[in-house]
Amino acid sequence: MSNELGKMIGQVRHTFGIMANDETKRSVTVTFDFSTSTDDEIKSWLVGNRAIAAQKPPKSMTMAEALKAYDGQVILAADAGKKVESLTATVDKLAANMANKSIEEKQAYLEALIAKLGM
Numbered sequence: 000m001s002n003e004l005g006k007m008i009g010q011v012r013h014t015f016g017i018m019a020n021d022e023t024k025r026s027v028t029v030t031f032d033f034s035t036s037t038d039d040e041i042k043s044w045l046v047g048n049r050a051i052a053a054q055k056p057p058k059s060m061t062m063a064e065a066l067k068a069y070d071g072q073v074i075l076a077a078d079a080g081k082k083v084e085s086l087t088a089t090v091d092k093l094a095a096n097m098a099n100k101s102i103e104e105k106q107a108y109l110e111a112l113i114a115k116l117g118m
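When the letters of the sequence shown are read in order and numbered with numbering that gives the first Met the number 0, they come out as residues 0 to 118.
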């Protein structure tokens with residue numbers, strides 16, 4: 000098992016909040032030492048963090064929309080957790096934007112959209 004990532008990362012100092020069973024909250028600063036961690040362990044921790052972040056945006060979608068947006072997709076790690084609009088919200092925004100357009104502008108937009116979608 001390789002631990003090249005752990006050696007490269009080394010030690011990382013981090014401050015975060017903790018809450019005791021009496022609900023007292025405090026900040027603590029610790030140093031995490033990754034030098035003996037395997038590459039597989041570090042990858043697993045990274046993915047776990049990104050998976051938690053990615054769970055929030057689908058809460059504004061229907062299950063069908065969430066499955067379409069996420070199941071089997073490649074998500075850039077930096078984008079995990081960023082807001083994803085539901086199809087309904089996207090259509091509503093488009094409709095509001097198109098409301099003040101001329102018939103010609105609407106037609107041109109729809110033709111461009113159909114071409115882009117390959118329909």
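Glycine is no exception: its CB is placed at the ideal position from the N, C-alpha and C atoms.
Residues Tyr108 of the same chain have their beta carbon placed closer than 8 Å to that of Lys100, with the five preceding and five following residues left out of the count. Residue burial is scored here from C-beta neighbours: Ala53 has at least 16 other C-beta atoms within 10 angstroms and is therefore classed as buried. Sequence-distant partners of Ser1 (beyond 5 residues in either direction) whose C-beta falls short of 6 Å from its own C-beta, in its chain, are Asp38.
In terms of Cβ geometry, Ser34 and Lys6 form a close pair [threshold 7 Å]. When C-alpha distances from Thr30 are compared across Phe15, Glu22, Asn48, the shortest belongs to Phe15.
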